[in-house]
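Notes follow once the structure below has been shown.
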Amino acid sequence: SSHHAGMGLHPSMSKVLGRGAAGLLLRAEVDSVRKVRHSCSLPAPLNDRVMNQLEAICRVSTNPSILDRHGDDESHHPALPPSAVAYARSTADVQAVVKLCSEARVPLIPYGSGTSLEGHVQATRGGVCLDMSEMAEVLHVGIDDMDCSVQAGITRLALNTHLRQTGLRFTVDPGADASIGGMVATGASGTSAVRHGTMRENVLSLTAVLASGEVIRTGGRARKSSAGYDLTRLLVGSEGTLAVVKEATLRLHAVPPAAAAASCLFPTLGSAASAVTLMLQSSIPVARCEVLDAGTVAAFNAYAKEIPDLPVGPHLLLEFEGASEASVAEQAEMARACCDEFGGAEFEWASSEADRRRLWQGRDGTDYAA
Amino acid sequence: WASGAFTLPALRQALRATGVRSAVSATHVRHMKVLVGVKRVIDYAVKIRVKPDKSAVETANVKMSMNPFDEIAVEEAVRLKEQKVATEVVAVSVGPTASQEQLRTALAMGADRAVHVVTDEEMLPLNVAKVFAALVAKEQPSLVVLGKQAIDDDANQTGQMLAALLGWPQGAFASKLTVADGKLQVTREVDGGLETLGMSLPAIVTADLRLNEPRYATLPNIMKAKKKAIDKTTPKELGVTMKKHLTTLKVNEPPTRSAGIKVESIEQLMDKLKNEAKVI
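Going down the list, the sequences are from chains G and Z.
Mind the numbering: the first sequence is residues 3 to 372 in our numbering, read in order.
Mind the numbering: the second sequence is residues 19 to 298 in our numbering, read in order.
Given below as structure tokens:
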């Protein structure tokens with residue numbers, strides 16, 4: 003992104019920074035520029051013919067506040083509103099809007115929840131923002147197959163709420179309550195990547211609309227299918243440049259019968275990283291992992307009021323899962339030994355669901371806290 | 019019970035005859051049974067639609083779940099058992115055949131067994147309260163925990179009516195619950211803040227949002243729940259007539275929100291707030 007280039011960071015670093023602690027560290031250090039909100043001069047409106055055809059397909063808005071909101075995400079980039087926002091309600095709507103924009107050579111930006119961090123929805127050349135949030139159904143849940151099919155507009159928390167009584171959950175957890183379509187498009191990750199992987203490992207198949215309006219289905223429900231081009235993985239992370247994702251089949255994991263969360267203070271970030279490396283090398287199946295630097299811990303303490311303050315300094319947040327309380331306690335103790343190796347102190351751990359949830363919710367809010 | 023009409027005076031007399039209240043107070047320490055009510059309702063995340071004939075809300079092909087306040091009630095009961103305060107948790111549902119799903123969920127959360135009072139009649143609070151009163155006479159629990167209200171009718175009546183039918187103390191809108199020495203301390207969320215009441219057992223408690231955060235079900239517990247017992251009965255077998263004393267005349271969707279507008283100046287804003295919205 004141009005901002006980071008201006009600050010002397012290689013463009014590829016922007017992708018890596020994301021929402022994790024390392025990103026916060028670097029962003030906190032270099033990003034002293036406050037987000038500038040231009041009093042936006044709106045982009046050129048769509049010509050009448052295109053506008054009329056668009057309104058015939060689905061609900062459209064040109065309300066300036068709505069345009070502004072749809073041209074803005076959670077990054078420092080200023081808002082760049084589109085010329086119109088179209089709300090898709092069905093596959094037919096998506097196909098028709100895509101075809102219309104293709105023929106009229108109008109830029110098209112699919113929009114999920116607007117929580118991206120790299121200016122993903124900013125309409126640099128105006129055009130149509132295709133809001134997918136009304137296509138948010140859970141289409142199918144396979145308990146024994148441990149998968150589910152959803153429309154792209156559903157958010158990850160809404161999906162897990164739907165699944166709450168099934169014993170299954172969707173593990174990819176970027177800090178924000180992002181839409182599944184957005185998470186597919188950006189190849190989202192989260193604290194559980196260490197054990198359950200990122201979107202790349204958890205998307206089984208996709209249904210997407212190409213620029214021609216053609217609907218394609220990539221992959222399937224099977225864990226292993228035939229050889230051939232992995233189109234699913236091509237679309238994951240493609241950031242809306244190849245197709246509009248409208249449905250995804252996702253891999254689910256079991257809600258573990260036992261879990262514990264731990265936090266540990268370290269003298270340096272490097273020693274925290276070494277401790278985690280040792281844990282993984284020792285075959286401790288760390289379920290979730292996050293690192294916070296001293297500045298982030300201070301922000302975390304100030305923001306997350308309902309959790310007792312963490313002592314200020316580089317911190318490791320960990321979670322362990324297992325089939326039994328004994329198994330989890332064993333993992334926690336072995337992790338404590340790894341932390342001790344590298345000067346870890348104040349190793350605290352909690353196993354009640356409420357305490358664990360609060361700790362991780364605090365971490366999710368760290369972006370806002372910082 | 020098998021013979022007569024169910025009337026309030028008859029119930030009170032029957033309970034006094036069995037000495038339920040004193041018996042329970044004496045034995046609560048050793049054997050505390052908790053009864054929890056669960057209701058099958060439309061899932062809270064579903065967008066509600068009204069049927070075209072405006073007679074009711076659309077429920078066909080709509081996701082149904084346990085009432086969220088009942089989830090909290092079940093969680094509290096299970097926690098009492100984990101703290102070794104309660105010895106048995108019995109989940110109860112009054113409703114159609116499909117309510118069985120909600121009882122299985124309660125069992126997966128940790129209830130020991132369940133009772134399903136099967137009925138297709140409308141779930142009017144007074145009738146449900148009468149059914150629960152009859153079950154209380156049978157099961158003799160020390161504590162009955164219900165959700166404060168169901169999210170379909172928002173009645174917030176069953177718990178209170180049950181307490182009145184039984185002549186038991188009640189702690190409604192509980193945000194904290196402690197049991198010690200056969201006494202119950204309930205912190206209630208009221209308009210002015212928090213009110214803490216002390217009461218003896220047996221008692222009725224209705225659960226409010228901040229009482230606890232219900233646990234997620236795990237697959238092993240869901241499997242175990244399939245083996246737990248669900249006893250079936252009907253209101254008639256319990257001596258209760260589900261009398262229809264209320265008729266729904268019409269159901270309407272709320273009026274659609276009109277679009278917001280942007281104003282150019284403070285003066286214009288004040289003018290609109292005063293003369294159009296009439297809020298100042």
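Glycine residues also receive a C-beta, built at the ideal position from the N, C-alpha and C atoms.
Cβ neighbour criterion (16 or more within 10 Å) applied to residue 278 of chain Z: exposed
Any chain Z beta carbon closer than 8 Å to residue 363 of chain G: no
Residue 49 of chain Z, buried or exposed, once every other Cβ within 10 Å from all chains shown has been counted against 16: exposed
Where residue 297 of chain Z falls: helix, strand or coil (DSSP): coil
Residue 116 of chain G vs residue 72 of chain G beta-carbon contact at 8 Å: yes
Chain G contact residues for residue 280 of chain Z, given Cβ-Cβ distances below 9 Å: 65, 66, 67
Rounded separation between residue 57 of chain G and residue 321 of chain G - CA only: 49 Å
Within-8 Å CB hit, residue 41 of chain G to chain Z: Residue placement at residue 41 of chain G cannot be trusted, given a pLDDT of 43 that sits under 50; what the coordinates show is reported in the next sentence. No, its Cβ sits nowhere closer than 8 Å to a Cβ of chain Z.
Residue span of the beta strand (DSSP E) that contains residue 228 of chain G, given as start and end: No beta strand (DSSP E) contains residue 228 of chain G, which DSSP labels as neither H nor E.
Of the listed residues G:203, G:278, G:357, G:363, nearest to residue 336 of chain G (C-alpha basis): G:278
Three-way DSSP call (helix, strand, coil) for residue 351 of chain G in this model: strand
Beta-carbon contacts of residue 139 of chain Z that lie in its chain and below 8 Å, excluding the five residues immediately before and after: 145, 253, 260, 262
Residue-level contact to chain G via CB, residue 303 of chain Z, 8 Å cutoff: Nothing can be reported for residue 303 of chain Z: it is not among the residues displayed for chain Z, which extend from 19 to 298.
Min CB distance residue 256 of chain G to chain Z below 8 Å: yes
Helix, strand or coil at residue 240 of chain G according to DSSP, with G and I counted as helix: coil
DSSP beta-bridge partners of residue 217 of chain Z: Z:202
CB-CB length for residue 154 of chain G against residue 250 of chain G, believed under 8 Å: 6 Å
Partner residues on chain G for residue 123 of chain Z, Cβ-Cβ distance less than 8 Å: 167
Near-chain Z residues of the segment 332-361 of chain G - C-beta to any C-beta below 8 Å: 355, 356, 359
Residues of the segment 80-96 of chain G with Cβ closer than 8 Å to any Cβ of chain Z, in chain order: none
Boundaries (first-last residue) of the alpha helix (DSSP H) holding residue 340 of chain G: 327-343
Continuous alpha helix (DSSP H) stretch holding residue 118 of chain Z: start and end: 118-127
Local Cβ density within 10 Å of residue 88 of chain Z, reported as buried at 16 or more and exposed below that: buried
Short CB-CB distance (under 8 Å) between residue 117 of chain Z and chain G: no
Coarse secondary structure for residue 285 of chain Z, derived from DSSP in three states: helix
Cross-chain neighbours of residue 375 of chain G in chain Z, by beta carbon under 8 Å: The structure shown does not extend to residue 375 of chain G, since chain G is modelled only from 3 to 372, so the question has no answer here.
Inter-stretch contact (C-beta, 8 Å, three-pair minimum) for the segment 259-271 of chain G and the segment 342-350 of chain G: yes
Sufficient close CB pairs (3 or more, under 8 Å) joining the segment 127-139 of chain G to the segment 211-223 of chain G: no
Residue 235 of chain G to residue 225 of chain G span [Cα, whole Å]: 14 Å
CB-CB length for residue 150 of chain Z against residue 210 of chain Z, believed under 8 Å: That belief does not hold up - the Cβ atoms of residue 150 of chain Z and residue 210 of chain Z are roughly 30 Å apart, past 8 Å.
N- and C-terminal bounds of the alpha helix (DSSP H) containing residue 133 of chain G: Here residue 133 of chain G belongs to no alpha helix (DSSP H); instead the beta strand (DSSP E) covers 130-133.
Proximity of residue 99 of chain Z and residue 128 of chain Z at Cβ, strictly below 8 Å: yes
Reference residue 192 of chain G; option with closest CA among G:341, G:167, G:319, G:207: G:319
Rounded straight-line distance, which links the Cα of residue 207 of chain Z to that of residue 90 of chain Z: 15 Å
Range of the contiguous beta strand (DSSP E) that encloses residue 268 of chain G: No beta strand (DSSP E) contains residue 268 of chain G, which DSSP labels as neither H nor E.
Same chain only: Cβ atoms within 6 Å of residue 127 of chain G, ignoring 5 sequence neighbours per side: 109
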